[in-house]
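In our numbering, the protein residues as written are 3 to 233.
I have placed the structure first, in the form of structure tokens, so that the comments after it can refer back to it.
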């Protein structure tokens with residue numbers, strides 16, 4: 003059984019869902035330190051002027067964990083997000099198929115960044131046709147939040163009875179690979195090659211949120227994500 007583990011991100015890019023697709027169990031690592039200016043509260047969409055961020059404003063105080071970071075609801079971010087989606091994707095072929103979900107999403111009250119991230123990833127995976135078992139680290143292994151990073155990953159794998167861990171492409175940079183190999187769990191690395199697909203507004207922009215792909219290609223999206231996968 004293959005397990006993949008990743009911090010919950012906001013409307014992630016294609017590579018995040020490629021990792022979910024290749025796993026049997028995907029664990030949201032929500033009880034580790036929040037990282038500013040990354041993808042835990044923002045991601046990119048394509049516009050007529052290139053790309054732009056969709057950012058969820060947060061009230062972060064070091065060293066809060068992801069599942070402790072509150073959203074700053076004094077800022078009208080939900081209206082801005084929805085307006086950005088309507089403005090930039092209303093002419094996309096599958097806009098009407100998915101915009102209802104986002105209208106509902108932004109009609110709800112969200113307090114913690116990890117909560118909206120996890121909800122959105124699960125739903126987007128369903129839209130893609132990816133059916134996997136999802137777990138949230140803080141719910142079944144809260145005591146592991148203070149562990150050394152590699153040891154934490156090993157223990158999460160053992161708790162789920164996984165025999166293989168699927169790490170990100172650059173996983174070896176932050177993991178103790180030797181310790182992992184000695185644990186008896188097979189270690190593999192993701193090798194995602196970004197596909198080129200039809201977008202609105204001219205020149206192709208890679209590394210957009212997966213919603214860019216969904217609005218433009220609908221049910222073909224998963225096939226496109228898998229396009230260059232080896233093996």
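Even for Gly, the Cβ is constructed at its ideal location relative to N, Cα and C.
On a predicted model such as this, the values are computed, not experimentally measured, just so you know.
Where the beta strand (DSSP E) through residue 52 begins and ends: Translated into the one-based positions of the chain shown, residue 52 becomes position 50. From DSSP, the beta strand (DSSP E) with residue 52 extends over 52-57.
Rounded straight-line distance, which links the Cα of residue 184 to that of residue 218: In the chain shown, residue 218 corresponds to position 216, counting from 1. In the chain shown, residue 184 corresponds to position 182, counting from 1. Distance from the CA of residue 218 to the CA of residue 184, rounded to the nearest whole angstrom, comes to 45 Å.
Unbroken stretches of the beta strand (DSSP E), 3 residues or longer, contained in the segment 77-159: The segment 77-159 contains these whole beta strand (DSSP E) runs: 135-138.
Reference residue 120; option with closest CA among 63, 23, 68: On the chain shown, position 118 is the one that residue 120 refers to. In terms of CA proximity to residue 120, 68 leads the group 63, 23, 68.
Secondary structure of residue 21, DSSP reduced to three states: For the purposes of this step, residue 21 is identified with residue 19 of the chain shown, where counting begins at 1. Three-state result, residue 21: helix.
Residue range of the unbroken beta strand (DSSP E) whose run includes residue 27: Against the chain shown, residue 27 aligns to sequence position 25. Going by DSSP, residue 27 is part of the beta strand (DSSP E) stretching over 27-30.
The segment 204-214 touching the segment 11-18, judged by at least three CB pairs closer than 8 Å: Taking 8 Å as the limit for Cβ pairs, the verdict is that the segment 11-18 does touch the segment 204-214.
Meets three-Cβ-pair contact criterion under 8 Å: the segment 220-230 and the segment 122-135: Result yes; three or more Cβ-Cβ pairs closer than 8 Å.
For residue 5, the first and last residue of its enclosing beta strand (DSSP E): The sequence position of residue 5 within the chain shown is 3, counting from 1. Annotation: the continuous beta strand (DSSP E) that includes residue 5 extends over 4-8.
Cα-Cα separation, residue 39 to residue 155: Counting from 1 along the chain shown, the entry for residue 39 is found at position 37. Counting from 1 along the chain shown, the entry for residue 155 is found at position 153. Their Cα atoms are separated by approximately 24 Å.
Interface flag, residue 187 vs chain D, CB-CB below 8 Å: Considering every chain present, this structure includes no chain D. It has just one protein chain.
Best match in 182, 113, 115, 176 for proximity to residue 166 [C-alpha to C-alpha]: As a first step, residue 166 is located in the chain shown; it is residue number 164 there, counting from the start. It is 182.
Nonlocal neighbours in the same chain, by C-beta distance under 7 Å from residue 236, ignoring five residues either side: There is no way to answer for residue 236, as the model of the chain reaches only from 3 to 233.
Spatial neighbours of residue 177 in its chain, beta-carbon cut-off 6 Å, leaving aside the 5 residues before and after: Stepping through the chain shown from its first residue, residue 177 is reached at position 175. Answer for residue 177: 152, listed in chain order.
DSSP bridge partner residues for residue 198 (one or two, in chain order): Residue 198 sits at position 196 when you count from the first residue of the chain shown. Within the DSSP secondary-structure output, residue 198 pairs in no beta bridge.
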